[in-house]
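Comments concern the structure below.
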Amino acid sequence: AIIGGFLVSLLGGSRFQIGGPAGAFIVLVNTTAATHGMDGLILAVLLSGVMLALAGWLRLGTFVKFVPYPVTVGFTAGIAIIIGSSQLKDLFGLNLAGPEPGPFLEKLPVLADAAPTADWGAFAIAAGTMTVIFTLKRFRPGWPGILIAVVLAALVTALANLDIATIGTRFGAMPAGLPMPHVPAISMAKVADVLPAAISFTLLGAIESLLSAVVADGMTGRRHRSNCELVAQGAANIGSALFGGICVTGTIARTATNVRAGAHGPVSGMLHSVFLLGMMILAAPLIAFIPMAALAGVLAVVAWNMFEKHAFWRLLNASKGDAAVLLATFGLTVFRDLTEAIIVGFALGAALFIQRMSQAATVELGAPLVRPDAADDVRARVPYDEATSTRRDVIVYRISGAFFFGAAATIGSVLDRIGDQHRA
């Protein structure tokens with residue numbers, strides 16, 4: 003959020019974009035770090051930055067808007083389920099016999115077996131954190147609900163002397179400054195290992211950042227430059243990786259808050275990063291006192307907000323095609339792999355688009371060569387409309403819709419019905 007967020011505001015194609023880590027990346031980051039270690043994660047972020055910058059240079063930002071909506075809703079909903087399930091251990095203060103499994107289906111029985119070890123003090127802190135966040139969001143939406151809830155949770159834990167896990171007891175002291183820039187070890191074998199994760203970071207980052215820029219456009223009446231934004235996102239991820247950070251993207255919530263606060267340009271985003279650096283330096287010793295249950299409560303709220311319930315239900319009832327793409331992407335995200343979900347979702351979305359385009363092609367028999375409402379210059383180019391409409395040896399068909407291979411079956415069946423004497 004410090005290095006990457008500064009570069010997003012400095013170089014971005016949206017004057018109001020606020021960059022930083024996003025909730026949608028939580029699962030990808032956790033999976034990549036668990037599989038390839040921190041060096042592998044940083045290398046994946048670095049590769050993602052290169053790919054994002056290259057996509058902007060190749061002017062591919064325009065095409066991101068064509069990502070099927072059911073894919074984004076299904077993918078986001080699946081990530082919300084994974085985030086929520088990953089917080090159950092700290093939410094209830096469970097003590098597991100071994101390491102917590104990553105896959106969703108393997109995780110559930112392990113958590114169920116550990117249910118008797120639940121710490122109700124930890125659960126009370128988590129529940130209180132969520133209650134404060136939801137209450138402030140409803141009655142005081144302008145207040146920083148998450149920050150207030152976490153501070154209150156830390157104070158209650160300390161004053162009540164609760165014996166529950168905190169950031170300090172689990173991870174130790176937090177650094178009070180930025181690390182020195184460092185290039186991760188790069189080899190062809192390592193690049194091949196982390197490439198799927200890097201592609202997932204790239205696709206998700208591009209979609210999230212450009213969607214955030216569109217939201218800012220709607221609030222301000224301005225227009226962002228999508229390709230410039232992708233180049234900035236690439237530079238931000240490269241910079242974040244060099245300083246040991248995770249992937250960065252434009253975030254809708256922070257960007258919308260920036261606009262509502264009266265921002266007029268990118269300076270507010272750069273100051274946001276500077277203030278974060280100052281807070282990290284001053285408040286680093288206090289972070290160790292934050293209870294893990296409070297963080298679990300925050301992430302549970304994030305997961306709840308990420309699951310677009312109304313959009314999910316609407317797509318389920320929209321059409322069989324949309325529902326199939328939605329459920330396939332959602333199911334693969336939860337039960338298989340996020341990279342698989344993105345690839346299969348894109349493929350199914352493309353197939354659905356082709357199928358709909360082929361159905362959109364219509365053939366009208368006995369139609370005039372030009373429409374009644376056609377312009378005069380169009381009529382001038384077809385001077386024999388009246389004559390051809392009365393000839394018995396001429397059959398006129400008007401083909402409407404996209405003329406491509408998907409419509410070939412429709413057009414071919416019409417041609418088969420025409421007698422040989424009428425074939426061109």
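FYI, the numbering for the sequence shown is 3 to 426, going by our numbering.
Yeah, the Cβ is synthetic: ideal placement off N, Cα and C, and Gly gets one too.
In chain order, what residues of the same chain have a beta carbon less than 8 Å from the beta carbon of ARG225, not counting five sequence neighbours either side? Indexing the sequence shown from 1 puts residue 225 at position 223. Excluding residues within five positions, the ones whose Cβ falls inside 8 Å are ASP219.
Rounded C-alpha distance that separates SER189 from LEU197: Residue 189 sits at position 187 when you count from the first residue of the sequence shown. Residue 197 sits at position 195 when you count from the first residue of the sequence shown. One alpha carbon belongs to SER189, the other to LEU197, and they sit about 12 Å apart.
Alpha-carbon spacing of MET282 relative to ARG316, whole angstroms: Walking along the sequence shown from the start, residue 282 turns up at place 280. Walking along the sequence shown from the start, residue 316 turns up at place 314. Cα-Cα distance, rounded: 42 Å.
Per DSSP, GLY22 forms a beta bridge with which residues? Taking the first residue of the sequence shown as position 1, residue 22 is located at position 20. Paired residues: THR251.
Between which two residues does the alpha helix (DSSP H) containing ILE85 stretch? In the sequence shown, residue 85 corresponds to position 83, counting from 1. ILE85 -> alpha helix (DSSP H) spans 71 to 88.
What is the residue span of the alpha helix (DSSP H) that GLU231 lies within? Taking the first residue of the sequence shown as 1, we reach residue 231 at position 229. Residues 228 to 244.
Note down, in chain order, each residue of its chain lying with its Cβ closer than 7 Å to the Cβ of ARG17, except the 5 sequence neighbours on either side. On the sequence shown, position 15 is the one that residue 17 refers to. Setting aside the 5 residues that flank it on each side, ARG17 is surrounded in the same chain by ARG224, GLY267, PRO268, each with a C-beta closer than 7 Å to its C-beta; the list follows chain order.
VAL380 to ARG358, Cα distance in whole Å? Position 378 of the sequence shown holds residue 380. Position 356 of the sequence shown holds residue 358. Since pLDDT at VAL380 reaches only 49, below the 50 mark, its modelled position is unreliable, and no value is offered.
Using DSSP with H/G/I as helix, E/B as strand and the rest coil, what is VAL380? Your numbering for residue 380 matches position 378 in the sequence shown. Confidence at VAL380 is low in this model, with a pLDDT of 49, below 50, so its placement is unreliable and the value that follows should be read with caution. In the three-state scheme derived from DSSP, where H, G and I count as helix and E and B as strand, VAL380 is classed as helix.
What is the rounded straight-line gap between the Cα of THR37 and the Cα of GLY123? Residue mapping note: residue 37 aligns to position 35 of the sequence shown, counting from 1. Residue mapping note: residue 123 aligns to position 121 of the sequence shown, counting from 1. Rounded to whole angstroms, THR37 to GLY123 spans 33 Å at the Cα level.
Buried or exposed (CB count within 10 angstroms, at least 16 for buried), LYS91: By one-based count along the sequence shown, residue 91 stands at place 89. Buried is the call here.
Stretch pair the stretch 40 to 52 + the stretch 319 to 328: three plus CB contacts closer than 8 Å: Cβ pair count under 8 Å is below three, so no.
Measure the Cβ-Cβ separation of GLY289 and ILE127 and say whether it is below 8 Å. For this step, residue 289 is matched to residue 287 along the sequence shown. For this step, residue 127 is matched to residue 125 along the sequence shown. What sits at residue 289 in the sequence shown is Ile, not Gly. The answer is no: Cβ separation not under 8 Å.
Nearest-angstrom Cα separation, counted from ALA349 out to ILE148: Taking the first residue of the sequence shown as 1, we reach residue 148 at position 146. Taking the first residue of the sequence shown as 1, we reach residue 349 at position 347. Put simply, the backbone Cα of ILE148 is about 38 Å away from that of ALA349.
Going by the DSSP bridge assignment, what does THR168 pair with across the sheet? Start at 1 with the first residue of the sequence shown, and residue 168 comes out as number 166. THR168 pairs with PRO293.
Determine the burial state of ALA151: buried for a count of at least 16 other Cβ atoms within 10 Å of its Cβ, exposed for fewer. Numbered from its first residue, the sequence shown carries residue 151 at position 149. Under this definition ALA151 is a buried residue.
Return helix, strand or coil for TRP59, following the three-state DSSP convention. As a working mapping, residue 59 is identified with position 57 in the sequence shown. Looking at TRP59 - three-state DSSP - the assignment turns out to be helix.
Do ASN229 and GLY63 have their beta-carbon atoms positioned less than 8 Å apart in this structure? Within the sequence shown, the letter at position 61 stands for residue 63. Within the sequence shown, the letter at position 227 stands for residue 229. Using a Cβ distance threshold of 8 Å, GLY63 and ASN229 count as a contacting pair.
Taking the alpha carbon of LEU232 as the reference point, which residue from ALA160, ILE28, ARG61, LEU43 has its own alpha carbon closest? The count along the sequence shown starts at 1 and reaches residue 232 at position 230. If we check each option's Cα against that of LEU232, ARG61 comes out closest.
Cα-Cα separation between ILE81 and ALA55, rounded to whole angstroms: For the purposes of this step, residue 81 is taken as residue 79 along the sequence shown, with counting starting at 1. For the purposes of this step, residue 55 is taken as residue 53 along the sequence shown, with counting starting at 1. If I take the Cα positions, the gap works out to 25 Å.
Can you check whether the CB of PRO72 is closer than 8 Å to the CB of THR335? As a working note, residue 335 is residue 333 in the sequence shown. As a working note, residue 72 is residue 70 in the sequence shown. Remark: C-beta atoms of THR335 and PRO72 do not approach each other more closely than 8 Å.
Around the C-beta of ASN97, are 16 or more other C-beta atoms found within 10 angstroms, so that it is buried, or is it exposed? Sequence index remark: in the sequence shown, residue 97 carries index 95 (1-based). In the assembly as shown, ASN97 is an exposed residue. Its beta-carbon has fewer than 16 other beta-carbons within 10 Å.
Terminal residues of the alpha helix (DSSP H) in which GLU108 lies: The residue given as residue 108 occupies position 106 in the sequence shown. 106 to 115 is the extent of the alpha helix (DSSP H) around GLU108.
Give the straight-line distance between the Cα atoms of GLY25 and PHE65, rounded to the nearest whole angstrom. Position 23 of the sequence shown, counted from the first residue, corresponds to residue 25. Position 63 of the sequence shown, counted from the first residue, corresponds to residue 65. Taking the straight line joining both Cα atoms gives about 24 Å.
Any idea what DSSP makes of TRP306, helix, strand or coil? Looking up residue 306 in the sequence shown gives position 304. Three-state DSSP puts TRP306 in a helix.
Cβ shell of ASN154 (< 7 Å), same chain only, five flanking positions each side left out: Position 152 of the sequence shown holds residue 154. A small correction: the amino acid at residue 154 is Leu; Asn does not occupy that position in the sequence shown. So the list reads VAL134, once near-sequence residues are dropped.
Rounded distance between the beta-carbons of ALA156 and ALA296, thought under 8 Å: Within the sequence shown, numbered from 1, the residue matching residue 296 stands at position 294. Within the sequence shown, numbered from 1, the residue matching residue 156 stands at position 154. Between ALA156 and ALA296 the Cβ distance is about 7 Å, and since that is below 8 Å, they are a contact.
Can you tell me whether DSSP reads TYR386 as helix, strand or coil? As a first step, residue 386 must be located in the sequence shown, where it is residue number 384. Any answer about TYR386 is weak, because its pLDDT of 49 lies below 50 and its placement is not dependable; what the coordinates show is given next. Correct three-state label for TYR386: coil.
Looking only at its own chain, which residues have a Cβ that is under 6 Å from the Cβ of THR131, when we skip the five neighbours before and after it? Taking the sequence shown and counting its residues from 1, one reaches residue 131 at position 129. Only residues of its own chain outside the window of five on either side were considered, and among them ALA151, ALA155, ALA296, GLY299 have a CB closer than 6 Å to the CB of THR131, listed in chain order.
Measure the beta-carbon distance from GLY86 to ASP121 and round it to whole angstroms, keeping in mind my assumption that it falls under 8 Å. Mapped onto the sequence shown, residue 86 falls at position 84. Mapped onto the sequence shown, residue 121 falls at position 119. Contact flag wrong, Cβ pair sits at about 19 Å.
Coil, strand or helix - ILE344 by DSSP: Translated into the one-based positions of the sequence shown, residue 344 becomes position 342. ILE344: helix per DSSP, three-state reduction.
Nearest to THR2 by alpha carbon, out of GLN89, ALA199, VAL250, LYS192? Since the displayed the chain opens at 3 and closes at 426, residue 2 lies outside it and no answer follows.
I think ALA265 touches VAL10, with their Cβ atoms under 8 Å apart; what is that distance to the nearest whole Å? Reading the sequence shown from its first residue, position 263 is the one you call residue 265. Reading the sequence shown from its first residue, position 8 is the one you call residue 10. So it is not a contact: roughly 14 Å between Cβ atoms.
Are there 16 or more other CB atoms within 10 angstroms of the CB of SER211, so buried, or fewer, so exposed? Position 209 of the sequence shown, counted from the first residue, corresponds to residue 211. SER211 should be labelled buried.
First and last residue of the alpha helix (DSSP H) that includes ILE201? The sequence position of residue 201 within the sequence shown is 199, counting from 1. Start and end: 190 to 222.
Which residues in the same chain as GLY42 place their Cβ atom closer than 6 Å to its Cβ, once the five residues preceding and following it in sequence are excluded? Against the sequence shown, residue 42 aligns to sequence position 40. So the qualifying residues of the chain are VAL196.
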